[in-house]
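K.L.:
What follows is a structure written as C-alpha cells; I'll ask about it next.
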Amino acid sequence: MTLAVFLTLATFVLSGTLHYGIVSRSIHHVDRIARHRGSRLVLMLCISGIAHLAVVALYAATYGIGQALHVGSFGESASLSAMDVFYFSLVSYTSLGLGDIVPSGHLRLIAGVEALNGFLLISCSAAYLFLFMSGQDKEGSK
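Going by our numbering, the first residue of the sequence shown is number 80, and it counts up by one from there.
Here you go:
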C-alpha cells in the first residue's frame, strides 16, 4: 500500500509539472509562430491536447511500473498491450470510465487519483484558454 501511495503522489506531482512545463514553455512560441488570433487559439488547443496526452502517457507508464512491482494488475487480462494500458489511462484521465479494462489491487488508487488529476488539469487548460480568448493572459495579449 505504501508503494502505491508513493507511486500515486509522485505521478500526481510529475503530471502537474509536465502539463505546466509544456503549456508555459510553448506560450511565447505561439505568438511568434501564429500572428492571427484564431490561429493562435488553434495552436494553443493543440498544445493543450499534447500536454494532456503526455500526462496520460505518464500515468500509463505508472501502471506499467505498478504491475512490475506487483502493486496490482488489470484483473484477468494479464497480458495487456501498451496501447491497452494507454487506453485505460485515457479513459480514467477523462473520467469516462468505460469499465472494459478494470484494475485490481492498489492500481485502483492510481486510477482514482488519475481521474481527479485529469479533472483538475483539464479545468486548468479550460481556464487558461478562457483567459486567452478574453485577452486577459499576460503572454497572449502582446
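In this text, a Cβ means the ideal position worked out from N, Cα and C, and glycines have one as well.
Just so you know, these numbers come straight off a predicted model, no measurement behind them.
State the Cα-Cα distance for the pair PHE153 and VAL170, rounded to the nearest angstrom.
P.N.:
Taking the sequence shown and counting its residues from 1, one reaches residue 153 at position 74. Taking the sequence shown and counting its residues from 1, one reaches residue 170 at position 91. Looking at the two C-alpha atoms, the distance is approximately 14 Å.
K.L.:
Give me, in chain order, the residues of the same chain whose beta-carbon lies closer than 7 Å to that of PHE38; leave out the 5 immediate sequence neighbours on both sides.
P.N.:
Here the chain comprises residues numbered 80 to 221, so residue 38 is not present and cannot be evaluated.
K.L.:
Give me the residue from SER127, VAL164 and ILE126 with the minimum Cα distance to ILE144.
P.N.:
If you number the sequence shown from 1, residue 144 lands on position 65. Ranking SER127, VAL164 and ILE126 by Cα distance to ILE144 puts VAL164 first.
K.L.:
Consult DSSP for GLY176 and reduce its assignment to one of helix, strand or coil.
P.N.:
Within the sequence shown, the letter at position 97 stands for residue 176. Looking at GLY176 - three-state DSSP - the assignment turns out to be coil, as it is neither helix nor strand.
K.L.:
DSSP on SER183, reduced to helix/strand/coil?
P.N.:
The residue given as residue 183 occupies position 104 in the sequence shown. SER183 falls in the strand class under three-state DSSP.
K.L.:
ALA140: which of TYR166, GLY117 and SER118 sits nearest, CA to CA?
P.N.:
Mapped onto the sequence shown, residue 140 falls at position 61. ALA140 has its Cα closest to that of TYR166, out of TYR166, GLY117 and SER118.
K.L.:
Tell me the DSSP secondary structure of SER152 in three-state form.
P.N.:
Within the sequence shown, numbered from 1, the residue matching residue 152 stands at position 73. Note: SER152 maps to strand in three-state DSSP.
K.L.:
Identify which residue in LEU200, HIS185, THR90 and GLU193 has its Cα closest to the Cα of ALA83.
P.N.:
The count along the sequence shown starts at 1 and reaches residue 83 at position 4. It is HIS185.
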